[in-house]
Structure formats: structure tokens, C-alpha cells
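Sequence positions in the sequence shown follow numbering that gives the first Met the number 0 and run 0 to 273. First up is the structure itself, then whatever we jot down about it.
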Amino acid sequence: MDSMPDSLTHVLLNFYQAGGKGIEEIIVGSPKTNDLDFNSHLVEIRDARGHEVEFKLDVQGFEFLHAPSSFANFDNSAAIKGAYYAEVAAFMRAHLNASLARPINQVLRSSDPSTPGARPAKFLHSDWSYAGAVHNLDSNPDYQPPKWSHLRQSHWAAYSVWRPLTPVTRDALVLADRRTVPDSDLRPYKSSYQNGTASEGNALALAEGQGFWWWSGMRVGEGVVIKLFDSKLDGTARCAPRSEGDWGGRLGREAECGDEGDSLLGRREREVMK
């Protein structure tokens, strides 16, 4: 990565702030979800455009991919859970060489308040903490893949697949390079949902040495795969905090392996006990 030419941009990012209003518990779906107190800092981020092949899920915690989609019926929830989930699952099975990929959720985000969908999440976070990942599946039978009690004892991971529906012109995705973010920089927070359920994620506290990336000029047909959780404990990147940056509107479909987006639970064929 040191061979990359520097292409630096300065962006205001929101980090965890101890005692910050609302950050220990976020009420998902509340109009004030993003009206929280953060430790806001202007930081340098580097552009990955032209160097996509150098990013790996198990190293930095994210990858930039060519990921075209033939699906367009995002107003139809049944079609999303049928055709679109099947498309994303097939894409992830092939990309990960996985024996199983199960979408469990999806969210449409838009920077335009006049359009439907959630607003950009403008703080550095990972949707699932390490403890929260297992709890979220244990407590949500609808999320559980077949034979979950067996699968949870083997290697499994959770991912978010982010695809823009229009060219990205503002609120672009910013990703923290997991090599520069030790576990000691992560702070747990609780997400409470209007249906009475809750989950635990991690917010990122600012620390010296952290590195951040974005993918300039992101357009339809491209996608970012972000790791939310990995059960491996061998030094593999287990998550990658991310945020929408305060800069430039995009309408994007976030497919997540977790509690947001087209959630995907994946098990890598080559890494599990047969």
C-alpha cells in the first residue's frame, strides 16, 4: 500500500465522544437519530480509485468491486426479499467462495430529505460489536441461517454490500483501514428499534495513527463490500468502521450482513470444518 501515490482529501468525520448525548444508545428510526453529540474532527482520507485490487476483506476489512445489478424494483418489498436477495446471495457466494450466503436485511439511504429511505449515517461505526453479532442472531430467529446452532461453532462472518443507485456526488462512504484501528479504539453502543428489539454495535474513538479511505467518483455498477464481523481470531480483520462523509446527493442501497441493508451471513468453504 505504501506504493500508492498520495491523493488526500480532508473531510469532517464524527467519532465517539464519551458521554456524548445519545451515542451510548441510538433510537433507530427517530428523527433525531443523527442529532447526536460526537467528537468531530477534520481528517485526511486517501482515494482508492485506481488501486482497488490492493484492498482485501481480511486485511483492510473492505473491498471495492465491479458489482452490477439487474434489479430495479426497490419499491416492492416482496421483490427485494425474493429476486434482489437471491442476486446478492449469489454474488457473495461466488466472491467469497462460500458454502452459504444469507441476506437478512436491507436499507435504502438517501441524502435528499424529500425522498423515501433512511438518511446517511454520519458517524464512524460498525453495526455489530463482537458480542452483538452472536446476540443479534441468537435473538432473531428470522435472521438465523439453516443449522445456525452448528454454524455458529464454525467460521462465519457478516458483511455489508453497498451499491449506489445513482452516481455518488455527496455523502460518500468513508472507511477506516482496520490495520490502523485496534480493538481498543472501538466503543460499544446500543441500537434500539421501534419494534422493541435492540442490538449492539461499535463506534470508533479517535486515536493517533488511524487511516481512512474513500472511492472517488463511485457510480452505478460498482459496490463496496464491508466486513461487519468475523469469528476468526487469527489476526484477520474482524470489522471495518465506516461513515458517510460530510462533503458532497447520493441514493444508495446498502446490503448488509447484519442488522442493516441486505444483510449477508457468509461461511467460507475453504476455511470451515467439513
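By construction, the Cβ of each residue, glycine as well, lies at the ideal position given by its N, Cα and C atoms. Note that the structure is a prediction, hence the values are computed from the model and not measured.
- Using a C-beta cut-off of 8 Å, the stretch 49-68 makes contact with the stretch 215-223, since at least three inter-stretch Cβ pairs fall below that distance.
- If you draw a straight line from the Cα of N72 to the Cα of I103, it is about 18 Å long.
- For G131, the enclosing alpha helix (DSSP H) starts and ends at Y129 to D137.
- The beta-carbon separation of F14 and L205, rounded to 4 Å, stays under the 8 Å limit for a contact.
- The C-beta distance from A157 to E243 rounds to 20 Å, too long to fall under 8 Å, and the pair is not in contact.
- In this structure, F211 keeps its C-beta atom at 7 Å or more from the C-beta atom of F122.
- By the Cβ test, the stretch 81-99 is not in contact with the stretch 182-196, since fewer than three Cβ pairs between them sit closer than 8 Å.
- Counting C-beta pairs with one atom in each stretch, the stretch 171-186 and the stretch 138-150 have fewer than three that are closer than 8 Å, which means they do not touch.
- Taking 7 Å as the cut-off, the Cβ atoms of S153 and G200 do not count as close.
- Using a 10 angstroms sphere on the CB of H40, the tally of other CB atoms stays under 16, which defines it as exposed.
- When DSSP states are grouped into helix, strand and coil, E53 belongs to the helix group.
- Note that the C-beta distance between D184 and L203 is below 7 Å.
- Within a 10 Å sphere around the beta-carbon of R48 sit fewer than 16 other beta-carbons, which makes this residue exposed.
- Between A239 and V58, the gap from beta carbon to beta carbon reaches 7 Å or more.
- Taking C-beta atoms under 8 Å as the contact rule, I225 and W161 qualify, at a distance of about 7 Å.
- With a cutoff of 7 Å on beta-carbon distance, Y188 and E51 are scored as not near each other.
- Between T8 and the set S230, W214, F228 and P166, the nearest pair of CA atoms involves W214.
- For S190 against I25, the beta-carbon gap comes to about 5 Å, under 8 Å, which counts as contact.
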